[in-house]
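Let me begin by presenting the structure, written as structure tokens, before commenting on it.
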Amino acid sequence: MKLSELFWSASLEELKRGYIQDENSHMCLLCGKQIEKGIVYQEEGVFYESEKYMRLHIEITHQSVFSYLIDLDKKLTGLTDHQNRLLRLFYEGKSDVDIQEEMGIGSASTIRNHRFVLKEKERQAKLFLTMMELLKEKDQHAPTFIDIHKTARMVDDRYNVTEEENEELLLKYFPDGTNGQLNTFPLKQKHKLIVLRAIADHFEDGRIYTEKEMNQILKESYHDYVLLRRYLIEYGFLDRKPDGSQYWLKK
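Mapping the sequence shown onto my numbering, position 227 (from 1) lands on 227, and the numbers just tick up by one.
Here's what the structure looks like:
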């Protein structure tokens, strides 16, 4: 299962701690790093068992689960820019007076009102989540949607893709399978997304690619590798150094 699929299928408790586990290892839901159980790990002269080392990894690499989640696209979090800023300041442990002074808005009572609104949003989210879980037990006609990758940019209707639609379009654009050649690059945005997601699967998590390596892999899918490279970055599948010397799969 892909990292994004694991992320979206994780329980609330698993998301809060930032990792999942099986009988053999712990896996970071934020970047996919796996830490094998039964091994002692060393960091700056201190020894850690696997689960504690996973928590240390999250702290060193991601600062915290909260820091990672709050940086996700606002279409994924459902937060306005203003709410995002407030939550960051609340998480830093600042008082209402400090926040009011830093943001230069209203008064301390204004901040308390924002806290109330956020608490209301939390209650609504709990009820909505419960209703959706109950709905799954009754709705026999609901299609299965493709998960949105966590690094997606400009999340909108183009991500409204069912598994059935995804398979049909992949067959249309990759008649010999997704490891074969793309017959044409689509004009429709939703179709672009489906094609780019398939091509992104050709890259390995955690591996750094040179520009030459990147171009060679993309040429195997389509002659206009520069076009593919640009859209893979634009859609948030790949990232690169500013000088274009190194590329990698975004988590």
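Where a beta carbon is used, it is the ideal one built from N, C-alpha and C, also for glycine.
Every value quoted in this text rests on a predicted model; they were computed, and no experiment measured them.
Assign residue i to one of two classes, buried (16 or more other C-beta atoms within 10 Å of its C-beta) or exposed (fewer than that).
i	result
glycine 236	buried
arginine 197	buried
leucine 218	buried
histidine 26	buried
serine 109	exposed
Am I right that residue i and residue j are in contact with their C-beta atoms under 8 Å? What's the rounded C-beta distance?
i	j	result
threonine 77	leucine 69	7 Å
glutamine 246	isoleucine 208	5 Å
isoleucine 146	asparagine 166	5 Å
Could you pull out every residue in the same chain whose Cβ sits closer than 8 Å to the Cβ of residue i, ignoring the five residues on either side in sequence?
i	result
tyrosine 48	Val40, Tyr41, Gln42, Leu56
asparagine 84	Ile70, Lys74, Thr77
asparagine 24	Glu36, Lys37
serine 4	Asp147, Ile148, His149, Lys150
Could you work out which residue in the options is closest to residue i when comparing CA atoms only?
i	options	result
glutamate 133	Ser4, Glu5, Ser9	Ser9
leucine 232	Thr151, Lys52, Ser25	Thr151
valine 65	Pro242, Phe7, Thr184, Trp248	Phe7
asparagine 179	Lys192, His191, Tyr159, Phe203	Phe203
tyrosine 173	Gln83, Asn160, Lys190	Lys190
glutamate 51	Gly104, Cys31, Gln63, Tyr19	Tyr19
Could you tell me which residues DSSP puts in a beta bridge with residue i?
i	result
cysteine 28	Tyr19
aspartate 239	Trp248
tyrosine 41	Tyr48
glutamine 34	Met27
threonine 210	Gln246
phenylalanine 145	Thr162
Leaving aside the five residues before and after residue i along the sequence, list all residues of the same chain whose C-beta is less than 6 Å from its C-beta, in chain order.
i	result
isoleucine 111	Asp96, Ile99, Gln100
tyrosine 222	Leu182, Leu228
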